[in-house]
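Per the numbering used here, the sequence shown runs over residues 258 to 802.
In this text, a Cβ means the ideal position worked out from N, Cα and C, and glycines have one as well.
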Amino acid sequence: MDKYTELETEKRKYTEAILNSDSGKKIIVAGPGTGKSSIFQEICRDNLKKGKTKNLVLSFINELVDDLRLDLHNLAEVKTLHSFALANIPKNKNIFMDLGLVIEDDYEIVYNKKIDYKKLLCNLIDSKDDLEFYSKRRKYYDHFGPDCSIYTLIKIFEQDKSKIPEYSQILIDEFQDFNKLEAKLIDLLSFKNPLLIVGDDDQSLYSFKHANPNEIRLKCKDGNYSFFELPFCFRCTEVIVNAFDSVVAKAKEKGFLKERLNKKYRYYSSPEKDKVSSENPKIIVKKEVYQKSVAYYIDQEIKTLFHPRQQRSVLIICSLKKQIPDLVERLHEKGFNNIQAPQKSEKLQLLDGFKLLLKNKECNLGWRIVAKYILSDRDKFNNIIKESHDKNEEVKFKDLLNKDIIDYVDSILITLNKINDNNKVFTDEYAKIIECFKYDHHAIVNEKLKNELDMEFGQKNIYSKVPIKITTILGSKGLTSDYVFFVNFDDKYILDKDKKITDENICKYLVALTRAKRRIYIYTGESRLPTFVEWTNNKFYEVVK
Numbered sequence: 258m259d260k261y262t263e264l265e266t267e268k269r270k271y272t273e274a275i276l277n278s279d280s281g282k283k284i285i286v287a288g289p290g291t292g293k294s295s296i297f298q299e300i301c302r303d304n305l306k307k308g309k310t311k312n313l314v315l316s317f318i319n320e321l322v323d324d325l326r327l328d329l330h331n332l333a334e335v336k337t338l339h340s341f342a343l344a345n346i347p348k349n350k351n352i353f354m355d356l357g358l359v360i361e362d363d364y365e366i367v368y369n370k371k372i373d374y375k376k377l378l379c380n381l382i383d384s385k386d387d388l389e390f391y392s393k394r395r396k397y398y399d400h401f402g403p404d405c406s407i408y409t410l411i412k413i414f415e416q417d418k419s420k421i422p423e424y425s426q427i428l429i430d431e432f433q434d435f436n437k438l439e440a441k442l443i444d445l446l447s448f449k450n451p452l453l454i455v456g457d458d459d460q461s462l463y464s465f466k467h468a469n470p471n472e473i474r475l476k477c478k479d480g481n482y483s484f485f486e487l488p489f490c491f492r493c494t495e496v497i498v499n500a501f502d503s504v505v506a507k508a509k510e511k512g513f514l515k516e517r518l519n520k521k522y523r524y525y526s527s528p529e530k531d532k533v534s535s536e537n538p539k540i541i542v543k544k545e546v547y548q549k550s551v552a553y554y555i556d557q558e559i560k561t562l563f564h565p566r567q568q569r570s571v572l573i574i575c576s577l578k579k580q581i582p583d584l585v586e587r588l589h590e591k592g593f594n595n596i597q598a599p600q601k602s603e604k605l606q607l608l609d610g611f612k613l614l615l616k617n618k619e620c621n622l623g624w625r626i627v628a629k630y631i632l633s634d635r636d637k638f639n640n641i642i643k644e645s646h647d648k649n650e651e652v653k654f655k656d657l658l659n660k661d662i663i664d665y666v667d668s669i670l671i672t673l674n675k676i677n678d679n680n681k682v683f684t685d686e687y688a689k690i691i692e693c694f695k696y697d698h699h700a701i702v703n704e705k706l707k708n709e710l711d712m713e714f715g716q717k718n719i720y721s722k723v724p725i726k727i728t729t730i731l732g733s734k735g736l737t738s739d740y741v742f743f744v745n746f747d748d749k750y751i752l753d754k755d756k757k758i759t760d761e762n763i764c765k766y767l768v769a770l771t772r773a774k775r776r777i778y779i780y781t782g783e784s785r786l787p788t789f790v791e792w793t794n795n796k797f798y799e800v801v802k
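Structure representation (structure tokens):
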């Protein structure tokens with residue numbers, strides 16, 4: 258038996274242990290690229306063969322949910338936690354992702370003090386008066402936010418467990434990033450449903466949403482769940498898996514990751530992957546690469562790496578979100594025109610309000626968001642918020658605004674509807690849109706002309722259509738790419754203040770490290786190596802000039 262057959266046999270044993278278990282509560286600890294989607298597919302197919310047709314997959318990362326929907330087409334219903342919650346809450350189905358921030362703003366205006374509703378909801382803190390304020394404002398705005406939709410569903414299930422829906426199998430993805438609120442919903446679902454939970458405490462990055470890796474650690478140790486592993490990494494090259502292990506070992510040696518679940522993480526050898534590994538034997542590290550020169554070096558590497566007939570992809574991970582726009586612009590100047598990067602600005606928040614009004618012209622939430630940006634008198638806006646709070650359901654937000662404001666908003670809505678319906682829009686209407694959203698029309702024209710002019714250059718540049726995604730480490734969660742560039746990877750950006758190291762810093766590096774299917778490039782602006790590169794066994798990286 259050759260080594261590939263032996264590995265396949267060993268891999269199959271791990272899979273069959275999961276499939277053959279009759280436990281109603283299973284937990285799988287699986288590192289990056291270890292085939293979680295494949296095991297989901299096998300479980301759902303196995304259920305279908307047994308006549309168990311109602312399978313549900315829950316996660317909270319939209320990108321992962323989209324991928325799982327493709328992987329599990331016709332095998333399972335795939336939902337985010339908040340979309341599942343909304344589907345099971347009677348009547349109201351409206352969702353606004355930033356509702357919590359809107360209500361926090363209202364709270365500060367009414368009571369002249371700040372509140373963190375995400376902290377209250379996600380940690381199930383029973384602060385009765387504060388939660389009552391949230392509830393009243395939520396009903397006034399006639400929308401749910403993602404956290405309060407889950408909170409509401411929990412209360413419904415706690416009051417009447419007969420309302421918990423039944424499934425053949427519920428599969429939970431990325432459980433290490435669930436907070437107390439989300440974990441509570443899963444516990445309630447377990448009353449009537451077989452559960453399979455998948456997660457990895459090495460990939461716990463979402464402390465900002467009060468996620469705690471101890472949720473998965475406790476479930477692995479409390480005896481109520483049957484424990485399984487998926488130890489083989491099918492995504493990464495051998496050097497990346499080895500580098501991962503060396504960083505974990507160094508972190509533990511230095512006293513970090515004390516609560517980490519012990520787990521195997523092994524390179525899966527195959528003829529194809531071995532060939533890729535031999536072609537990419539080292540992580541490439543380059544020092545003193547400053548922000549202005551990042552695009553130049555990426556351009557040079559792409560020209561070296563890519564063949565026009567190869568379908569390859571690039572992922573660029575920036576240390577800070579604010580570094581992304583400049584890098585996008587510089588890569589555009591190099592002729593790359595197939596770039597995806599996050600775009601969110603204050604203008605989009607104003608447009609969010611108008612989007613709500615386009616759906617429902619009487620929407621209190623839409624009028625509230627639009628009014629905040631259009632009213633120049635902040636005291637007047639604050640007084641309107643207070644009046645809407647005092648009168649609550651007795652008054653519509655729109656009716657608290659002056660007629661000239663209402664007429665102005667109505668005129669913008671008319672133009673937006675024309676644009677949306679591809680109807681003729683007059684010059685004065687465009688001018689009003691530009692003024693309302695504070696658009697720089699000169700910059701828009703320049704960008705349009707620049708893109709048109711770049712097209713001719715791009716036709717000469719055979720690499721112009723290489724798909725490039727640019728994001729942060731948090732944004733890279735769930736993404737994979739052939740080549741991954743860490744840029745501005747300096748300790749001052751990737752560690753906490755005063756260059757303090759935390760378990761979460763380490764986990765962020767481990768997640769970033771395992772996005773690549775072929776090769777990793779690490780660019781630092783400093784003259785010394787980043788801490789986590791120093792922690793990596795020097796057999797696994799090469800410092801180039």
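Beta-carbon gap between residue i and residue j smaller than 9 Å
i, j, result
"residue 767", "residue 414", "no"
"residue 318", "residue 296", "no"
"residue 731", "residue 424", "no"
"residue 554", "residue 542", "no"
"residue 563", "residue 687", "no"
"residue 530", "residue 491", "yes"
"residue 528", "residue 261", "yes"
"residue 356", "residue 301", "no"
"residue 439", "residue 471", "no"
"residue 673", "residue 701", "no"
"residue 485", "residue 283", "yes"
"residue 436", "residue 469", "yes"
"residue 735", "residue 487", "no"
"residue 401", "residue 343", "yes"
Where residue i falls: helix, strand or coil (DSSP)
i, result
"residue 312", "strand"
"residue 774", "strand"
"residue 619", "coil"
"residue 581", "helix"
"residue 738", "strand"
"residue 337", "strand"
"residue 318", "coil"
"residue 291", "coil"
"residue 553", "helix"
"residue 746", "coil"
"residue 497", "helix"
"residue 261", "helix"
"residue 597", "strand"
"residue 382", "coil"
"residue 517", "coil"
"residue 785", "coil"
"residue 715", "Bear in mind that the predicted position of residue 715 carries a pLDDT of just 48, short of 50, making it unreliable; the figure below should be weighed with that in mind. Here residue 715 sits in helix by DSSP."
"residue 591", "coil"
"residue 323", "helix"
"residue 269", "helix"
"residue 363", "helix"
"residue 792", "coil"
"residue 274", "helix"
Whole-angstrom C-beta distance between residue j and residue i, which should lie under 8 Å
i, j, result
"residue 574", "residue 584", "In fact, because the Cβ distance is near 11 Å, the residues do not count as touching under 8 Å."
"residue 608", "residue 750", "Not really, about 31 Å apart at Cβ, beyond 8 Å."
"residue 642", "residue 367", "7 Å"
"residue 544", "residue 783", "7 Å"
"residue 332", "residue 298", "6 Å"
"residue 457", "residue 286", "6 Å"
"residue 797", "residue 312", "So it is not a contact: roughly 40 Å between Cβ atoms."
"residue 427", "residue 446", "6 Å"
"residue 663", "residue 653", "Residue 663 to residue 653, Cβ: 11 Å. No contact."
"residue 669", "residue 693", "5 Å"
"residue 769", "residue 733", "6 Å"
Those residues which DSSP pairs with residue i across a bridge
i, result
"residue 283", "453, 483"
"residue 523", "489"
"residue 729", "575"
"residue 798", "540"
"residue 779", "542, 743"
"residue 352", "401"
Check: residue i C-beta below 8 Å from any heavy atom of the ligand FAD
i, result
"residue 386", "No copy of the ligand FAD occurs in the structure displayed, which carries no ligand at all."
| request: With a floor of 3 residues, list each beta strand (DSSP E) that falls wholly inside the region 399-459, ordered by position along the chain. | output: 426-429, 452-456
| request: Just list the alpha helix (DSSP H) runs in the region 624-703, keeping only unbroken ones of 4 residues or longer that don't cross its boundaries, in chain order. | output: 635-648, 660-677, 684-693
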